[in-house]
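Participant:
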Amino acid sequence: MLLLAALGVAAALVLVMVASAGARPAQAQNSTGTTITVNTTDDEDNTDGDCSLREAIKAANTNRAADGCPAGSRTGEDAIGFALSSSAATITLGSTLPTITGTAGLVIDGGTQADVTVSGDDKVQVFNTDWGAKLALRNLAVVHGKATGSTSGAGIYSRGTLEVSNSTFSQNNAELQSGGGIESVGQGTLTVSNSTFSKNNAGHTGGGIDSWTNLTVSNSTFSENDSLGGGIAIRDAQLTVSNSTFSVNNAGGGFGGGIYNGSGTARISSTILDGDPSGRNCYNYAGAVTTDGGYNIEDANSCGFSQANNSQPNTDPGFEKDGQGNPVLKDNGGPTKTIALLPTSPAIDQGKSFGATTDQRGETRPHDYAKVQDAPNGDASDIGAFELTITNTAPDAIDDSASTQEDTPLDVAVLDNDTDPDTGDALTVTEVSDPAHGQAAVKDDKKTVEYTPDEHYNGPEDTFTYTVKDALGETDTAKVTITVSAVNDAPEADAQSVSTTEDAEKA
1 MLLLAALGVA
11 AALVLVMVAS
21 AGARPAQAQN
31 STGTTITVNT
41 TDDEDNTDGD
51 CSLREAIKAA
61 NTNRAADGCP
71 AGSRTGEDAI
81 GFALSSSAAT
91 ITLGSTLPTI
101 TGTAGLVIDG
111 GTQADVTVSG
121 DDKVQVFNTD
131 WGAKLALRNL
141 AVVHGKATGS
151 TSGAGIYSRG
161 TLEVSNSTFS
171 QNNAELQSGG
181 GIESVGQGTL
191 TVSNSTFSKN
201 NAGHTGGGID
211 SWTNLTVSNS
221 TFSENDSLGG
231 GIAIRDAQLT
241 VSNSTFSVNN
251 AGGGFGGGIY
261 NGSGTARISS
271 TILDGDPSGR
281 NCYNYAGAVT
291 TDGGYNIEDA
301 NSCGFSQANN
311 SQPNTDPGFE
321 KDGQGNPVLK
331 DNGGPTKTIA
341 LLPTSPAIDQ
351 GKSFGATTDQ
361 RGETRPHDYA
371 KVQDAPNGDA
381 SDIGAFELTI
391 TNTAPDAIDD
401 SASTQEDTPL
411 DVAVLDNDTD
421 PDTGDALTVT
431 EVSDPAHGQA
441 AVKDDKKTVE
451 YTPDEHYNGP
461 EDTFTYTVKD
471 ALGETDTAKV
481 TITVSAVNDA
491 PEADAQSVST
501 TEDAEKA
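Letter by letter, the sequence shown follows residues 1 to 507 of the UniProt record's numbering.
Next comes the structure, spelled out in structure tokens:
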């Protein structure tokens, strides 16, 4: 470090993690830098000939060889790849990794499947950067970090510029301070994309992220984070959020389960905020300003969203849920877990991409459903981090037959034998044709048709058709055949009157 200070040289570090057996190519390299290969998951700094993550960072920081790691470059970006015995490798730390010092840029890249995990083992902070350092984390999982005492940022404490993409921060805990997942301070910026923050906790503010620097979030999911500002807390800074999902984040006292705006400015667009137990997904402290950028959904009305901006306050977003009714964060494809939308979600085609060409999983945006009317001035993207991409299959309406007696109405449950290949796709009857010898009408339940035969009609075959529609507008038609059996009508005696003259003989 003294040598670096004397020379005024800022080492650049690029960490690219590539699993061996089915190895992934390095994602961030520079031909002017040094390629360093990490070949062990052991957290070590010794002379056994291996190259650990700790030793790789040391080599890049000092520009000197460290055990089996070659010296980092003084002038270019270093690339550190991983050749490990397992494609899903976990590095468990015994102490916080060396403070990252390079101002030219640090990239730690776990490869295309984000299956390299760095764990603090619920004992230590994971990453720490020096003032002015530049760090990019890509395709990594940062888990079980712990910040104690006056320390913030259990996953990362950043004092420079930080970029996070295709990564997961889970179960990190800043016990007494802020930033369970990330604490960002200094003069840099923080950018988060295509990433998931789940079950992170902070004793003060920002369960997922606490930021004193300008923060941009896109295509990301915040789920079950806990703190004042469970998902995100910002201070005197700018926050821009787009195409993201906040679900069941909790804030003590109801101060912004999703987003807590301390004294900054926030703009939220094409984003879902749902499930804060207090009903306050957003909270503005005195002087803070949050702007509705349009195309948002909130299950309450705490964020200031307006229908005039094509937003939907007081609206259930229609997430896929478990048996207890909780939104499900799971592997829906892509490098990170997401919360899926149901085909009936009001978020479908009601958003705007704001430049994003894919969702958090890498699925193309937009995926337009022709049967769903798009939001005005939108581009048919779905609201939130998840773009529904299933192919909707039309329902299969099956012909029905039923019987009734003359002059007796009949309810026909026409949907009982109809099916839809898309499991869970609700079906409804939208219209019926007129039978030749009676009337047919769809009942209020949208599942049953009431048939009423004409008076005194009976016969073996009166028919009508009905149309069934699924949740996304696909339809099919079937025929109903009604047999109306005759009944023995009682004879009708007509009253008659006659007249005659007095003493006349009756006929």
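In this text, a Cβ means the ideal position worked out from N, Cα and C, and glycines have one as well.
If you run the structure through DSSP and keep just helix, strand and coil, what is Asn-243?
Facilitator: In the structure shown, Asn-243 sits in coil (DSSP, three-state: anything other than H, G, I, E or B).
Participant: What does the Cβ neighbour count give for residue 508, buried or exposed, with the cut at 16 atoms within 10 Å?
Facilitator: Residue coverage of the chain in this structure runs from 1 to 507, which leaves residue 508 outside it and unanswerable.
Participant: Spell out the partners DSSP gives Gly-459 in its beta bridges.
Facilitator: Answer is Val-484, bridged to Gly-459.
Participant: Of all the beta strand (DSSP E) runs that stay within the bounds of the stretch 85 to 140, which reach a length of 3 or more residues?
Facilitator: If we require 3 residues or more, the beta strand (DSSP E) runs fully inside the stretch 85 to 140 come out as 89 to 92, 106 to 109, 116 to 119 and 134 to 138.
Participant: Over what stretch of residues does the beta strand (DSSP E) that includes Leu-410 continue unbroken?
Facilitator: Per DSSP, Leu-410 belongs to the beta strand (DSSP E) from 410 to 412.
Participant: Shortest alpha-carbon distance to Ile-80 belongs to which of Ala-340, Ser-95 and Gly-105?
Facilitator: Considering only alpha carbons, the answer is Gly-105.
Participant: Give the single residue among Glu-55, Asp-109 and Thr-245 whose Cα lies nearest to the Cα of Phe-319.
Facilitator: For Phe-319, the nearest C-alpha among the options comes from Thr-245.
Participant: Could you give the DSSP three-state label for Asn-39: helix, strand or coil?
Facilitator: Here Asn-39 sits in coil by DSSP.
Participant: Tell me which residues share the same chain as Ala-174 and place their Cβ nearer than 6 Å to its Cβ, disregarding the 5 neighbours each side in the sequence.
Facilitator: So the qualifying residues of the chain are Ala-147, Ser-152, Ala-154, Gly-180 and Ala-202.
Participant: Strictly by DSSP, which residues pair up with Cys-282?
Facilitator: The partner list for Cys-282 (beta bridge, DSSP) reads Ile-259.
Participant: Here's the rule I'm using: 16 or more other beta-carbon atoms within 10 Å means buried, otherwise exposed. How should Glu-502 be labelled?
Facilitator: By the neighbour-count rule (16 or more Cβ atoms within 10 Å), Glu-502 is not buried but exposed.
Participant: Glu-320 lies in the alpha helix (DSSP H); which residues open and close that run?
Facilitator: Here Glu-320 belongs to no alpha helix (DSSP H), and DSSP marks it neither H nor E.
Participant: Which whole-angstrom value describes the C-beta separation of Thr-213 and Gly-186, a residue pair presumed to lie in contact below a C-beta threshold of 8 Å?
Facilitator: With a Cβ gap of about 6 Å, Thr-213 and Gly-186 count as contacting.
Participant: Checking the sheet assignment: what are the DSSP bridge partners for Lys-469?
Facilitator: In DSSP, Lys-469 forms a bridge with Thr-428 and Thr-475.
Participant: What does a CB cutoff of less than 6 Å around Thr-240 pick up in its chain, not counting 5 residues either side in sequence?
Facilitator: Counting only Cβ-Cβ distances below 6 Å, and skipping sequence neighbours, we find Thr-216 and Arg-267.
Participant: At the level of alpha carbons, what is the spacing between Val-289 and Ser-263?
Facilitator: Spanning the two alpha carbons is a distance of roughly 8 Å.
Participant: Identify whether Gly-160 lies in helix, strand or coil by the three-state DSSP scheme.
Facilitator: Correct three-state label for Gly-160: coil.
Participant: Have a look at Asp-454 and Gly-438 and give me their C-alpha separation to the nearest angstrom.
Facilitator: In a straight line, the C-alpha of Asp-454 is about 5 Å away from that of Gly-438.
Participant: DSSP three-state label for Asp-416, please.
Facilitator: Looking at Asp-416 - three-state DSSP - the assignment turns out to be helix.
Participant: Using only CA atoms, which one of Asn-243, Asp-316 and Thr-448 lies nearest to Ala-356?
Facilitator: The shortest Cα separation from Ala-356 among Asn-243, Asp-316 and Thr-448 belongs to Asn-243.
Participant: Alpha carbons only, please: which of Asn-219, Gly-473, Thr-404 and Lys-443 is nearest the one belonging to Gln-487?
Facilitator: With the sequence shown as reference, residue 487 is identified as Val, and Gln is not the correct amino acid for it. Among Asn-219, Gly-473, Thr-404 and Lys-443, the Cα nearest to that of Val-487 belongs to Thr-404.
Participant: Kindly confirm or deny that the stretch 352 to 366 and the stretch 394 to 404 touch, where touching means at least three C-beta pairs closer than 8 Å.
Facilitator: The answer is no - the stretch 394 to 404 does not touch the stretch 352 to 366, with fewer than three Cβ pairs under 8 Å.
Participant: Pull the bridge partners of Pro-327 from the DSSP assignment, please.
Facilitator: Looking at the DSSP assignment, Pro-327 forms a beta bridge with Lys-321.
Participant: Specify the secondary structure class of Ile-339 as computed by DSSP and reduced to three states.
Facilitator: Here Ile-339 sits in strand by DSSP.
Participant: In terms of residue numbering, what span does the alpha helix (DSSP H) encompassing Glu-55 cover?
Facilitator: Looking at the DSSP string, the run of the alpha helix (DSSP H) that includes Glu-55 is 53 to 62.
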